[in-house]
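Q: So the protein lines, in turn, are chains A and B.
For the first sequence, the residue numbers in the numbering used here are 1 to 260.
For the second sequence, the residue numbers in the numbering used here are 261 to 524.
Idealized CB from N, CA, C, for every residue including glycine.
What follows is a structure written as structure tokens; I'll ask about it next.
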Amino acid sequence: MKKYFRLWWIYTKAAAQLSLESRLGAVFFLVGKFLRFLLMFYFLYILLNQTKSLQNYTFWQVIFFYATFSLIDGIPQFLLREVYRFRRHVMSGYFDYVLLQPQKTLFKSLFAGSDVLDIPLLIFSFGLLIYSAFQIGPVNLTGVILYILLFINSLVIALSFHIFVLGLGILTTEVDNSIMLFRDITRMGQMPITIYQYPISFIITFIIPVGIMMTFPVQAMLGLLAPYLVVLSFGFGLIFIFLSYTFWKYALLRYQSVSS
Amino acid sequence: MEKYWVVIRNTWNEMTTYRLSFVMWRIRVFLQLLTVYFIWASVMPTDSTLFGYSRELMLTYVLGTQLINSIVFSSRTQEIAENINSGDLSIFLLKPLGYFKYWFARDLSDKTMNLAFSVVELVIFFLILSPPLFVQTNMMLLSLFVFSIFLAVLLNFVIGCLMSMIGFWSSEVWAPRFVFYVIISFFTGGLFPLDILPKPLFNFLELLPFTYLQFFPLKIYLGQVGVADIFKGLMISGVWIGILYTGLYVVWNKGLTKFSAAGR
Chain A
1 MKKYFRLWWI
11 YTKAAAQLSL
21 ESRLGAVFFL
31 VGKFLRFLLM
41 FYFLYILLNQ
51 TKSLQNYTFW
61 QVIFFYATFS
71 LIDGIPQFLL
81 REVYRFRRHV
91 MSGYFDYVLL
101 QPQKTLFKSL
111 FAGSDVLDIP
121 LLIFSFGLLI
131 YSAFQIGPVN
141 LTGVILYILL
151 FINSLVIALS
161 FHIFVLGLGI
171 LTTEVDNSIM
181 LFRDITRMGQ
191 MPITIYQYPI
201 SFIITFIIPV
211 GIMMTFPVQA
221 MLGLLAPYLV
231 VLSFGFGLIF
241 IFLSYTFWKY
251 ALLRYQSVSS
Chain B
261 MEKYWVVIRN
271 TWNEMTTYRL
281 SFVMWRIRVF
291 LQLLTVYFIW
301 ASVMPTDSTL
311 FGYSRELMLT
321 YVLGTQLINS
331 IVFSSRTQEI
341 AENINSGDLS
351 IFLLKPLGYF
361 KYWFARDLSD
371 KTMNLAFSVV
381 ELVIFFLILS
391 PPLFVQTNMM
401 LLSLFVFSIF
411 LAVLLNFVIG
421 CLMSMIGFWS
431 SEVWAPRFVF
441 YVIISFFTGG
451 LFPLDILPKP
461 LFNFLELLPF
471 TYLQFFPLKI
481 YLGQVGVADI
491 FKGLMISGVW
501 IGILYTGLYV
511 VWNKGLTKFS
521 AAGR
């Protein structure tokens, strides 16, 4: 474990140097990310200033949903950025070299390119999350604990998706579209999924678990989530990580090294 | 003219070769529409108005953005920057075709394909969710709507080309485009009609070109702009096309003197 943390640190430092190679580019990316976040915030402010609520959620509750989404969306982007380069590695034959290295191939394929440019927005989102939590009003300790556990569960589901995409990348070299599709689907969780009409709400809760990832943690904190849905969420997390890891191993066995 | 028709056909072939990529792209665009649609569907009252829009008008606006998006924003101009950076521009400079006409032809091809998919998506959307829609029947407004879209296409093309000219001076073309895309996706009215913004901000935005890419054509369609304001809007749009086209001409010529075909 310690070895892998050290490896991650070395990879991250190297990736940071690459990201900051073009300072102007880095500044533009940071500005773009913040601007997108703040403009959405401003839109929600204008909207809820007029409507006062969105599906019975107050402004600060909606912002709490939005900040939760930003973190659950942003943390995998920060940690798992290497997945976005996986196709190139398979196509160029570089993946053969990865397979020969004395480290877990999955670790390298997931964590070797953390994007430091995501950190400022993550910190900002976390600040907004805490601030909006205080604005919501009194929340009990059970709610907070459930929120943290379900938040971690969401990250596990996001990790599962990324592992699944890697497996898909080996079998079909299709990575870029799959990962962007995943991000667009999860983006539907920017708002509480109760805004979506049936059957879309059902699909994005129980088939593609956007609701479980983005909405359930907040609902649990607000005391609005039925206990059986909490259990179901953890069940989904476990099943997803198991299935994706099994799929990864299946794909790895079928890697043909065609590009090398 | 025939050679540009070949470019259009080739671009179509390119897109149909990488079918999965294109279909995935359309799914992604459709998912974005779903979020915006349901945000508005969940807040719009059925028996009164919000921000001066009835439920019918607002949902028509949101669905209209999908259509306009496919016509106005489908573009290949971002590839110009890659062309400059890779040095491939030198090949084009030797070919007997107008460089910008070539890219406009590629744009047209992209637009028709996206438009075709967009129409099918909206039909499916309508069949499943049956949203209340406002149908404009005034032929004059419809003609002006089509004309404003035509101007928006030109405007977006010139803006896209100008953004790609950065390639002459820097290899960092994607980052500024990302910022620009963030600004455009907010201030063109893709997420909401711009007139729900505070009045001073909206008045300022009316002077910028972004308003005329999406918001303005849709307002004409909804019949919410008076004739005088329509002509004022078309005029501003035309002036921006003139200014930006002149800018493009100057920057292009300056850029060509800097171009070293590095990479070739």
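What's the C-alpha gap between A:SER125 and A:LEU71?
A: In the first sequence, residue 125 of chain A corresponds to position 125, counting from 1. In the first sequence, residue 71 of chain A corresponds to position 71, counting from 1. Those two C-alpha atoms are separated by around 6 Å.
Q: Ignoring anything shorter than 4 residues, give me the alpha helix (DSSP H) runs that lie fully in the segment 51 to 84 of chain A, in order along the chain.
A: As far as the segment 51 to 84 of chain A is concerned, its whole alpha helix (DSSP H) runs of at least 4 residues are 59 to 79.
Q: Measure the C-alpha to C-alpha separation of B:ASN513 and B:SER424 and round it to an integer number of angstroms.
A: Looking up residue 513 of chain B in the second sequence gives position 253. Looking up residue 424 of chain B in the second sequence gives position 164. About 14 Å.
Q: List the residues that DSSP assigns as beta-bridge partners of B:ASN516.
A: Numbered from 1 along the second sequence, position 256 holds the residue referred to as residue 516 of chain B. Correcting the residue type first, residue 516 of chain B is Leu in the shown sequence and not Asn. B:LEU516 pairs with nothing; no bridge assigned.
Q: Is the beta carbon of A:THR205 closer than 8 Å to that of A:ILE193?
A: By one-based count along the first sequence, residue 193 of chain A stands at place 193. By one-based count along the first sequence, residue 205 of chain A stands at place 205. It is a contact, given that the beta carbons lie within the stated cut-off.
Q: Does the beta carbon of B:VAL322 come closer than 8 Å to any beta carbon on chain A?
A: Position 62 of the second sequence, counted from the start, is the residue given in the question as residue 322 of chain B. Not closer than 8 Å to any Cβ of chain A, the Cβ of B:VAL322 fails to qualify, so no.
Q: Which residues of chain B have a Cβ atom closer than 7 Å to the Cβ of A:LEU184, listed in chain order?
A: The count along the first sequence starts at 1 and reaches residue 184 of chain A at position 184. First, the residue type needs correcting, since residue 184 of chain A is Asp and not Leu in the sequence shown. Under the 7 Å cutoff, chain B gives ARG288, LEU291 and GLN292.
Q: Just to make sure I have the definition right: I need the residues of chain B whose C-beta is within less than 7 Å of the C-beta of A:ARG36. Which are they?
A: Translated into the one-based positions of the first sequence, residue 36 of chain A becomes position 36. Within 7 Å Cβ-Cβ: VAL442.
Q: Restricting to runs no shorter than 4 residues, where is the alpha helix (DSSP H) found entirely within the segment 182 to 244 of chain A?
A: Correct list: 216 to 221.
Q: Does the beta carbon of B:GLU432 sit closer than 8 Å to a beta carbon anywhere in chain A?
A: Reading the second sequence from its first residue, position 172 is the one you call residue 432 of chain B. Yes, because at least one Cβ of chain A sits closer than 8 Å to the Cβ of B:GLU432.
Q: Within the same chain, show all residues whose beta-carbon is closer than 6 Å to that of A:SER160, passing over the 5 residues directly before and after it, in chain order.
A: Working through the first sequence from its first residue, we reach residue 160 of chain A at position 160. Closer than 6 Å at Cβ, skipping near neighbours: PHE240, ILE241 and SER244.
Q: Start and end of the alpha helix (DSSP H) containing A:GLN134?
A: Here residue 134 of chain A refers to the residue found at position 134 when the first sequence is read from its first residue. Before going on, a small fix: residue 134 of chain A reads as Phe here, not Gln. Here the alpha helix (DSSP H) through A:PHE134 covers 119 to 136.
Q: In the DSSP assignment, the alpha helix (DSSP H) including B:MET261 goes from what residue to what residue?
A: For the purposes of this step, residue 261 of chain B is identified with residue 1 of the second sequence, where counting begins at 1. First-last for B:MET261: undefined, no H or E at that position.
Q: Is there a Cβ of chain B sitting closer than 8 Å to that of A:SER92, yes or no?
A: Within the first sequence, the letter at position 92 stands for residue 92 of chain A. No, because no Cβ of chain B sits closer than 8 Å to the Cβ of A:SER92.
Q: Starting from the Cα of B:LEU478, find the closest Cα among B:PHE282, B:ASP455 and B:PHE385 and give me that residue.
A: Locating residue 478 of chain B in the second sequence gives position 218, counting from the first residue. Per the Cα distances, B:ASP455.
Q: Which residues in the same chain as A:GLY74 place their Cβ atom closer than 8 Å to its Cβ, once the five residues preceding and following it in sequence are excluded?
A: Walking along the first sequence from the start, residue 74 of chain A turns up at place 74. These residues qualify, in order along the chain: ASP118, LEU121, LEU122 and SER125.
Q: How close, in whole Å, do the beta carbons of B:PHE475 and B:PRO453 come, if the pair is a contact with beta carbons under 8 Å?
A: As a first step, residue 475 of chain B must be located in the second sequence, where it is residue number 215. As a first step, residue 453 of chain B must be located in the second sequence, where it is residue number 193. That pair is a contact at about 6 Å.
Q: Could you list the residues in the segment 37 to 49 of chain A with a C-beta less than 7 Å from some C-beta on chain B, going in chain order?
A: The segment 37 to 49 of chain A vs chain B, Cβ under 7 Å: LEU39, PHE43, ILE46 and LEU47.
Q: So, is B:GLN326 buried or exposed, given that buried needs 16 or more other C-beta atoms within 10 angstroms?
A: For the purposes of this step, residue 326 of chain B is identified with residue 66 of the second sequence, where counting begins at 1. By the 10 Å Cβ count, B:GLN326 comes out buried.
Q: Name, please, each residue of chain C whose Cβ falls closer than 7 Å to the Cβ of B:VAL303.
A: Protein chains A and B are contained in the structure displayed, whereas chain C is not.
Q: Using the DSSP secondary-structure output, state which residues sit across from B:TYR313 in a beta bridge.
A: Counted from its first residue, the second sequence places residue 313 of chain B at position 53. Its beta-bridge partners are B:LEU310.
Q: For B:VAL442, does the three-state DSSP call read helix, strand or coil?
A: Against the second sequence, residue 442 of chain B aligns to sequence position 182. Helix at B:VAL442.
Q: Is the separation between the beta-carbon of B:LEU465 and that of B:PHE447 shorter than 8 Å?
A: By one-based count along the second sequence, residue 465 of chain B stands at place 205. By one-based count along the second sequence, residue 447 of chain B stands at place 187. A contact, by the Cβ cut-off of 8 Å.
Q: Helix or strand or just coil, what does DSSP make of B:PHE452?
A: As a first step, residue 452 of chain B must be located in the second sequence, where it is residue number 192. If DSSP states are grouped into helix, strand and coil, B:PHE452 belongs with coil.
Q: Can you find a C-beta in chain B that's less than 8 Å from the C-beta of A:SER22?
A: Counted from its first residue, the first sequence places residue 22 of chain A at position 22. By this cut-off, A:SER22 is an interface position.
Q: Rounded to whole angstroms, what's the CA-CA distance from A:LEU30 to A:LEU166? Just pull it up for me.
A: Stepping through the first sequence from its first residue, residue 30 of chain A is reached at position 30. Stepping through the first sequence from its first residue, residue 166 of chain A is reached at position 166. So the two alpha carbons sit approximately 27 Å from each other.
Q: Closer than 7 Å, Cβ to Cβ, to anything on chain B: give me those residues from the segment 71 to 91 of chain A, in chain order.
A: Listed in sequence order: no entries.
Q: For B:PHE394, collect the residues of the same chain with a Cβ closer than 7 Å to its Cβ; drop the 5 residues on either side in sequence, then sort them by chain order.
A: On the second sequence, residue 394 of chain B is found 134 positions in, with the first residue counted as 1. Here the set comprises GLU316, LEU317, THR320 and LEU482.
Q: Classify B:ARG286 as helix, strand or coil using the three-state DSSP reduction.
A: Your numbering for residue 286 of chain B matches position 26 in the second sequence. Reduced to three states, the DSSP call for B:ARG286 is helix.
Q: Less than 8 Å between CB atoms is the rule here; does B:SER390 satisfy it with respect to chain A?
A: Mapped onto the second sequence, residue 390 of chain B falls at position 130. It does not: the Cβ of B:SER390 has no partner Cβ on chain A nearer than 8 Å.
Q: Whose C-beta lies closer than 6 Å to the C-beta of A:TYR11 among residues of the same chain, with five residues either side of it excluded?
A: As a position in the first sequence, residue 11 of chain A is number 11, starting the count at 1. Answer for A:TYR11: ALA112, listed in chain order.
Q: Within the chosen definition, does the segment 96 to 106 of chain A reach the segment 17 to 24 of chain A through at least 3 CB pairs nearer than 8 Å?
A: Short answer: they don't touch.
Q: Which value, in whole angstroms, describes the spacing of the CA atoms of A:SER114 and B:MET399?
A: In the first sequence, the residue the question calls residue 114 of chain A occupies position 114. In the second sequence, the residue the question calls residue 399 of chain B occupies position 139. Those two C-alpha atoms are separated by around 55 Å.
Q: Exposed or buried, what is A:ALA67 when buried is set at 16 or more other beta-carbons lying within 10 Å of its beta-carbon?
A: In the first sequence, residue 67 of chain A corresponds to position 67, counting from 1. Per the 10 Å Cβ criterion, buried.
Q: Thinking just about the alpha-carbon of each residue, which of A:ARG6, A:TYR57, A:PHE86 and A:LEU48 is nearest to the one in A:ILE179?
A: Counting from 1 along the first sequence, the entry for residue 179 of chain A is found at position 179. A:ILE179 has its Cα closest to that of A:PHE86, out of A:ARG6, A:TYR57, A:PHE86 and A:LEU48.
Q: Cβ atoms of A:ARG254 and A:ILE163: under 8 Å apart, would you say?
A: By one-based count along the first sequence, residue 163 of chain A stands at place 163. By one-based count along the first sequence, residue 254 of chain A stands at place 254. No; because the gap between Cβ atoms is not below 8 Å, this pair is not in contact.
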